[in-house]
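One structure is given here, and the rest of the page talks about it.
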Amino acid sequence: MAVKIRLQRHGKKNAAFFHVVVADGRAPRDGKFIEKIGVYNPQTNPATIELDSDAAVQWLLKGAQPTDTCRAILSYKGVLLKRHLAEGVKKGAITEAQAQQRFDAWMGAKDSKISGKRETLKAERKNQYEARMKAETAVKEAKAAKIAAKATESAAVTESSENSESAPSEVSE
């Protein structure tokens, strides 16, 4: 039986999210699966990935083949590195402590990169909001200036018409 680690589509049209599952390769995409090992939501920025990395490593060590997209997801979360280090420990090339140290160092660098991206996106959104508010304020001020100019112009016209009407009545008396 060919076991695959693949995505199972859920959600509405144009709003998909996926379950990361271990399934028989012959089963339909959204059909029967052996085990659900995670969730992937590409709608968020950065994409939300919740994964049971220990279960994924165990399935990879048993011979499960990830699809291309799942391979990218597993690589992003460090599962493939963890499997590589586990094989090194099994062969005796490195100790368990060294493997854990290497994995923790890699995860620390990865987490700082992700948090940096989140901070950059947050600052970008804030700058865009401030720019929109400045533009909106400028438009409001321009409209207010036009309205004020129109009001003073109409006041001057009515005042001059009142003066012209009152002047002949004074003359006639």
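Following our numbering from start to finish, the sequence shown increments by one per residue and tops out at 243. Glycine included, every Cβ here is placed at the ideal spot set by N, Cα and C.
If you draw a straight line from the Cα of M203 to the Cα of L131, it comes to about 54 Å. With 16 or more other Cβ atoms inside 10 Å of its own Cβ, Y110 counts as buried. Per the DSSP secondary-structure output, H80 pairs in a beta bridge with F87.
Segment contact: the stretch 86-102 against the stretch 153-166, fewer than three CB-CB distances shorter than 8 Å; contact not assigned. Beta-bridge partners of L121 (DSSP): G108. Sixteen is the threshold: since fewer than 16 other Cβ atoms of the shown chains lie within 10 Å of the Cβ of V209, the residue is exposed. Fewer than three pairs of CB atoms, one per stretch, sit closer than 8 Å, so the stretch 210-218 makes no contact with the stretch 137-148. Beta bridge pairing from DSSP links P136 with I75.
Judged by beta-carbon spacing, A169 lies beyond the 8 Å limit of G162, meaning their Cβ atoms are not closer than that value. Our two residues, K160 and I119, have alpha carbons roughly 28 Å apart in a direct line. Shown here for T137: same chain residues with a beta carbon closer than 8 Å to its own, the five before and five after excluded, namely K74, I75, R76, L77 in chain order. The beta carbon of E105 sits closer than 8 Å to those of V91, V92, A125, W129, all from its chain and outside the five residues before and after it, given in chain order.
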